[in-house]
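There are 2 protein chains.
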Amino acid sequence: MSTNLRIDGARLVSRLEALSRIGATPEGGCRRLALTDEDKQGRDWLLSQMQALGLDVKVDAIGNIVGILKGQQQGPAVILGSHIDTVGTGGRFDGALGVIAGVEVLAALRDAGLTPKRDMAVIAFTNEEGARFHPDMLGSYVWAGGMSVEAAHAEKDSEGVVLGAELNRIGYHGPEQPGFLKAHAYLELHIEQGPVLEGDGGGLGAVTGIQAICWLELTLRGRPSHAGTTPMAYRKDPGLAAARINIFANELTKTISGQLANSGVIRVEPGNVNVVPERVVMSLDLRNPNDAPLAETEAAVRKFCAELSERDGIEISFRDLARFPATPFAEELIAGMEASAAELGLPIRRMISGAGHDAQMMSRLCPTAMVFIPSIGGLSHNPAEFSTDEDMVKGANVLLSAAWRAANA
Amino acid sequence: MSTNLRIDGARLVSRLEALSRIGATPEGGCRRLALTDEDKQGRDWLLSQMQALGLDVKVDAIGNIVGILKGQQQGPAVILGSHIDTVGTGGRFDGALGVIAGVEVLAALRDAGLTPKRDMAVIAFTNEEGARFHPDMLGSYVWAGGMSVEAAHAEKDSEGVVLGAELNRIGYHGPEQPGFLKAHAYLELHIEQGPVLEGDGGGLGAVTGIQAICWLELTLRGRPSHAGTTPMAYRKDPGLAAARINIFANELTKTISGQLANSGVIRVEPGNVNVVPERVVMSLDLRNPNDAPLAETEAAVRKFCAELSERDGIEISFRDLARFPATPFAEELIAGMEASAAELGLPIRRMISGAGHDAQMMSRLCPTAMVFIPSIGGLSHNPAEFSTDEDMVKGANVLLSAAWRAANA
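Residue numbers (the working numbering), protein chains in the order written: chain A, 1 to 409; chain B, 1001 to 1409.
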């Protein structure tokens, strides 16, 4: 690699600012829900940026936008990417940074007059957030062959609007077959969306994979009764059972390595001060970098619930909301991220990704890795989401170096 | 007392059936929300029953209906009563039984040609349930001087309809001043609304008083964060804090005599599977037959919350929703209930009332007591609320005997 090769930092920041004006919210964030008018404006802008760079720009049947820089030889491409859709109350960085950094990587090569050995490309994947259409990571999921184009087109938003119709309406139902560009490697720059890097001194993160996830919905049924006239011994209180399960799952995180647990949904019915609850619906979001300890956690929770049910007379039923195994990234690419950071004199640490990303889907197709930059305060999916210009440029330079390395290996 | 004096059981059951046809619901319950058309129909029916008995029927300015049987001497009256309004999904017995049993007590005396020494009366109090207008026990509260007629008239239901206007609309804004009939004693028959009597073999209950009550609303604020990207040590989870408080309050009931605790409201925000909660609103309904242990319980809960707040960084604020001291009933009347049951060969046990009743307000004015009959399955405020004909007649006979005793003492 030409070790003097660098991202044009000012241009990267300026491009991100330009994109963040599309769907800008009064709170300083962005609202570009997938396939809305704002998303279309963002796509149109991105397309024009790619075309101005001289990339070969293609759109596939699920609306993924692909900008290709031809290499010296035929064969699979080194793909960079992320997404430009946001959640309803999104920030300016999540997704957008990865796409723009990908564009800047190709721009830097063009500026330097360099042609990589392999083809290189940047992709903006459709509907990564899942805030409008299910599932999340839809565009990369379809690209990776996990879901058919037809099934994806039939998805409806909460108001019954059909995804395929929206793709046509905004003009992004393209002619290409998703996955048409074969992948040699996939690399993605993203904000961390958590507090670890900032808390650790603000360096970069070489992401080792995406942790395994198990989302459970528990429905607990007791017996509604009058909170003034029913002695404690007669009660069957599913609210109390939910409290015990929440605390139990939390305690497990202290003994099972890497384990996370959250109960974000707790709905109590009928929800009156003087009525002992009849029914509680609660969620458990369990994650672990490794599959085995996650399975151990889930089994322990289920055993605890069975005992609680037996002892306290609470009926407990389970429903799977989501379940994904751990996605380990490719060691040679993780090491490539570290080597690139070292060359640039930037501190970097290995870490797991707590959230899902398009990289998770792309890892079904090819060796994959990610680089994270710090999120100030750990905030994300929030108008106050923030990363510094300096960190964005650092992350993009690592992406550039690692991509160049992969494209010429 | 004429020890052969008995309630006409068949007539009592038939009158209760007649009233329960007014506002009857498909599920077998009743819906006679205060001052609605159904309540007016119930009132009209009750008025006609009282008039047919030859009672002197009066309506006061808050809509309380008073049927008076003149005694041999001037002076305060022995008053029987309860209410005929119901909750939205009410049963057939709550309140209605007490009013109809009062009517049957006076009817039994008339049938037997007996005139008590003191005046006797039966009152149907307005809006006892509090299901339409706040506060509950409004009619008896105004009668007892706890709230002015003007303030009560200004109360609005959840749709902004004014109580005074509704009283006029249904024709029950009467000319009498609430409390116009001075009280020598107040006696009320009611269903237990809990499982204690049925669980104890099905006898009657001589109610020793209404327990003290403390309703608290707690608002817990933590820090919202991503449940995948935020390490456990960085979280401030008010949902977990709420779980600990719920369990702590429940544990207190095992060590503080007579203590009850319920957390019937638990609202978690924002309520997403993958977001560590930001804010929880929870209620605590704490009750105890005695004021001192209730105060001890509340103090222990507040201390626990202060420690939790300090340790886990959760802000916790408190708001009083309701607070009433214990209302002990009059020993001579409680003993009178027991003596009457003994005369009739009926088992009776002393017990506290878990719920509020009009008797609670009347005890501000005069010696007061209640008799409870079993509620099958402990159900109340429910279409499936049920008490047997036999128990209703037993309860009414105890009321008759105790009332005759008080009216001639």
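We put the CB at the ideal spot given by N, CA and C, even for glycine.
Item to check | For A/Arg287, the first and last residue of its enclosing beta strand (DSSP E) | outcome: Looking up residue 287 of chain A in the first sequence gives position 287. Start and end: 279 to 288.
Item to check | Runs of beta strand (DSSP E) lying entirely within the region 1160 to 1231 of chain B, each at least 3 residues, in chain order | outcome: The region 1160 to 1231 of chain B contains, as complete beta strand (DSSP E) runs of 3+ residues, the segments 1183 to 1191, 1204 to 1210, 1212 to 1221 (chain order).
Checklist entry - Should B/Gly1378 and B/Gly1194 be called a contact, given that it needs their Cβ atoms to be closer than 7 Å? => result Sequence index remark: in the second sequence, residue 1378 of chain B carries index 378 (1-based). Sequence index remark: in the second sequence, residue 1194 of chain B carries index 194 (1-based). Yes, the pair counts as a contact, with Cβ atoms nearer than the cut-off.
Item to check | For A/Leu260, the first and last residue of its enclosing alpha helix (DSSP H) | outcome: As a position in the first sequence, residue 260 of chain A is number 260, starting the count at 1. A/Leu260: not part of any alpha helix (DSSP H); member of the beta strand (DSSP E) spanning 260 to 262, first to last residue.
Next on the checklist: I need the straight-line Cα distance from A/Lys182 to A/Leu69, nearest angstrom please.
Outcome noted: The residue given as residue 182 of chain A occupies position 182 in the first sequence. The residue given as residue 69 of chain A occupies position 69 in the first sequence. In this structure, the alpha-carbon of A/Lys182 lies about 14 Å from that of A/Leu69.
Checklist entry - With a cut-off of 7 Å, does the C-beta of B/Gly1091 fall near any C-beta of chain A? => result The residue given as residue 1091 of chain B occupies position 91 in the second sequence. For B/Gly1091, the answer is no, since every Cβ of chain A falls outside 7 Å of its Cβ.
Item to check | Chain-ordered neighbours of A/Tyr234 on chain B, where CB pairs are closer than 9 Å | outcome: For this step, residue 234 of chain A is matched to residue 234 along the first sequence. By Cβ distance, chain B contributes Gly1194, Pro1195, Val1196, Gly1199, Gly1378.
Next on the checklist: Is the separation between the beta-carbon of A/Gly264 and that of A/Ser283 shorter than 7 Å?
Outcome noted: On the first sequence, residue 264 of chain A is found 264 positions in, with the first residue counted as 1. On the first sequence, residue 283 of chain A is found 283 positions in, with the first residue counted as 1. The criterion of a C-beta distance shorter than 7 Å is satisfied by A/Gly264 and A/Ser283.
Next on the checklist: Output needed for A/Glu298: all residues of its chain with C-beta closer than 7 Å, excluding positions within five of it in sequence on either side, in chain order.
Outcome noted: For this step, residue 298 of chain A is matched to residue 298 along the first sequence. Leaving aside the five residues that flank A/Glu298 on each side, the residues in its chain whose CB is nearer than 7 Å to its CB run, in chain order, Cys214, Leu286.
Checklist entry - Which chain B residues are close to A/Asp285, counting only those with a beta carbon under 7 Å from its beta carbon? => result By one-based count along the first sequence, residue 285 of chain A stands at place 285. Residues of chain B whose Cβ lies closer than 7 Å to the Cβ of A/Asp285 are, in chain order, Ala1227, Val1273, Asn1274.
Checklist entry - Are the C-beta atoms of A/Val268 and some chain B residue less than 7 Å apart? => result Reading the first sequence from its first residue, position 268 is the one you call residue 268 of chain A. Among the residues facing chain B, A/Val268 is included, as its CB has a counterpart in that chain under 7 Å away.
Checklist entry - What is the DSSP secondary structure of A/Lys254, counted as helix, strand or coil? => result Here residue 254 of chain A corresponds to residue number 254 of the first sequence, with the count starting at 1. Residue state, collapsed to three classes: helix.
Checklist entry - Which partner residues of A/His83 appear in the DSSP bridge assignment? => result Start at 1 with the first residue of the first sequence, and residue 83 of chain A comes out as number 83. For A/His83, DSSP records a beta bridge to A/Phe125.
Checklist entry - Where does B/Asp1320 land, buried or exposed, given buried means 16+ other C-beta within 10 angstroms? => result For the purposes of this step, residue 1320 of chain B is taken as the residue at position 320 of the second sequence. Label assigned to B/Asp1320: exposed.
Checklist entry - When the cut-off is 7 Å and only beta carbons count, does A/Ser363 lie next to chain B? => result Working through the first sequence from its first residue, we reach residue 363 of chain A at position 363. Contact of A/Ser363 with chain B is not assigned, every C-beta pair being separated by 7 Å or more.
Next on the checklist: Using the Cβ count rule (16 or more neighbours within 10 Å means buried), how would you classify B/Asn1290?
Outcome noted: Along the second sequence, one-based indexing puts residue 1290 of chain B at 290. Here B/Asn1290 is buried. Its C-beta has 16 or more other C-beta atoms within 10 Å.
Checklist entry - Under a CB-based cut-off of 7 Å, is B/Val1265 close to chain A? => result Along the second sequence, read from residue 1 onward, the residue named residue 1265 of chain B stands at position 265. It does; some Cβ of chain A falls within 7 Å.
Item to check | Cut-off 6 Å between Cβ atoms - residues of its own chain near B/His1173, not counting five sequence neighbours on either side | outcome: Working through the second sequence from its first residue, we reach residue 1173 of chain B at position 173. So the qualifying residues of the chain are Leu1167.
Item to check | Anticipated Cβ contact below 8 Å, B/Ser1353 with B/Ile1373, distance rounded | outcome: Within the second sequence, residue 1353 of chain B is the residue found at index 353, counting from 1. Within the second sequence, residue 1373 of chain B is the residue found at index 373, counting from 1. In this structure B/Ser1353 is not in contact with B/Ile1373, their Cβ atoms being roughly 13 Å apart against a cut-off of 8 Å.
Checklist entry - By the criterion of Cβ-Cβ separation under 9 Å, what are the contact partners of A/Gly354 in chain B? => result Along the first sequence, read from residue 1 onward, the residue named residue 354 of chain A stands at position 354. Residues of chain B passing the Cβ test: His1226, Ala1227, Gly1228, Thr1229, Thr1230, Pro1231.
Item to check | For A/Cys305, three-class secondary structure by DSSP | outcome: Residue mapping note: residue 305 of chain A aligns to position 305 of the first sequence, counting from 1. In the three-state DSSP reduction, A/Cys305 falls in the helix class (H, G or I).
Item to check | Cutoff 7 Å: A/Trp215 Cβ touching any chain B Cβ | outcome: In the first sequence, counting from the first residue as 1, residue 215 of chain A sits at position 215. Residue contact with chain B for A/Trp215: present (Cβ-Cβ distance below 7 Å to some residue of chain B).
Checklist entry - Taking 7 Å as the CB-CB cut-off, is B/Thr1253 touching chain A? => result As a working mapping, residue 1253 of chain B is identified with position 253 in the second sequence. Output row for B/Thr1253: interface = yes.
Checklist entry - First and last residue of the alpha helix (DSSP H) that includes A/Asp389? => result To locate residue 389 of chain A, count along the first sequence from 1; it is residue 389. Membership of A/Asp389 in the alpha helix (DSSP H) is indicated by the continuous run 389 to 408.
Item to check | Simplified DSSP assignment, three categories, for B/Met1370 | outcome: Taking the second sequence and counting its residues from 1, the one referred to as residue 1370 of chain B is at position 370. Here DSSP, grouped into helix, strand and coil, assigns B/Met1370 to strand.
Next on the checklist: On the criterion of 16 or more Cβ atoms from any shown chain inside 10 Å, does A/Asp94 qualify as buried, or is it exposed?
Outcome noted: Reading the first sequence from its first residue, position 94 is the one you call residue 94 of chain A. So A/Asp94 counts as buried.
Next on the checklist: Using a Cβ-Cβ cutoff of less than 6 Å, which residues in the same chain neighbour B/Ala1101 once the five nearest sequence positions on both sides are dropped?
Outcome noted: Within the second sequence, numbered from 1, the residue matching residue 1101 of chain B stands at position 101. For B/Ala1101, where only same-chain residues beyond five positions count, the Cβ hits under 6 Å are Leu1189, Ala1396, Leu1399.
Checklist entry - Touching or not, the region 141 to 151 of chain A and the region 61 to 79 of chain A, by the rule of three or more beta carbon pairs under 8 Å? => result Look at the beta carbons and you see the region 141 to 151 of chain A touching the region 61 to 79 of chain A: at least three pairs across the two are nearer than 8 Å.
Item to check | C-beta atoms of A/Ala335 and A/Leu80 nearer than 7 Å | outcome: Position 335 of the first sequence, counted from the first residue, corresponds to residue 335 of chain A. Position 80 of the first sequence, counted from the first residue, corresponds to residue 80 of chain A. No; because the gap between Cβ atoms is not below 7 Å, this pair is not in contact.
Checklist entry - What span of residues does the beta strand (DSSP E) with B/Leu1321 cover, start to end? => result Numbered from its first residue, the second sequence carries residue 1321 of chain B at position 321. Annotation: the continuous beta strand (DSSP E) that includes B/Leu1321 extends over 1315 to 1324.
Next on the checklist: Helix, strand or coil, according to DSSP, for A/Ile62 in the structure here?
Outcome noted: By 1-based counting over the first sequence, the position of residue 62 of chain A is 62. Note: A/Ile62 maps to coil in three-state DSSP.
Next on the checklist: Just to confirm my understanding: we take A/Ala110, look at its own chain, exclude 5 residues before and 5 after, and list those with CB closer than 8 Å. What are they?
Outcome noted: Numbered from 1 along the first sequence, position 110 holds the residue referred to as residue 110 of chain A. What sits at residue 110 of chain A in the sequence shown is Arg, not Ala. Counting only Cβ-Cβ distances below 8 Å, and skipping sequence neighbours, we find Leu53, Gly54, Leu69.
Checklist entry - Tell me, which residues are paired with B/Leu1069 by DSSP? => result Your numbering for residue 1069 of chain B matches position 69 in the second sequence. The secondary-structure analysis by DSSP pairs B/Leu1069 across a beta bridge with B/Met1120.
Next on the checklist: Check for me: the beta strand (DSSP E) holding B/Glu1269 runs from which residue to which?
Outcome noted: Looking up residue 1269 of chain B in the second sequence gives position 269. For B/Glu1269, the enclosing beta strand (DSSP E) starts and ends at 1266 to 1269.
Checklist entry - Is the Cβ of A/Ala326 closer than 7 Å to any Cβ of chain B? => result Taking the first residue of the first sequence as 1, we reach residue 326 of chain A at position 326. With its beta carbon at least 7 Å from every one in chain B, A/Ala326 lies outside the interface.
Checklist entry - A/Ala369 to A/Ile266, Cα distance in whole Å? => result One-based indexing of the first sequence puts residue 369 of chain A at position 369. One-based indexing of the first sequence puts residue 266 of chain A at position 266. Distance between the alpha carbons of A/Ala369 and A/Ile266: 36 Å.
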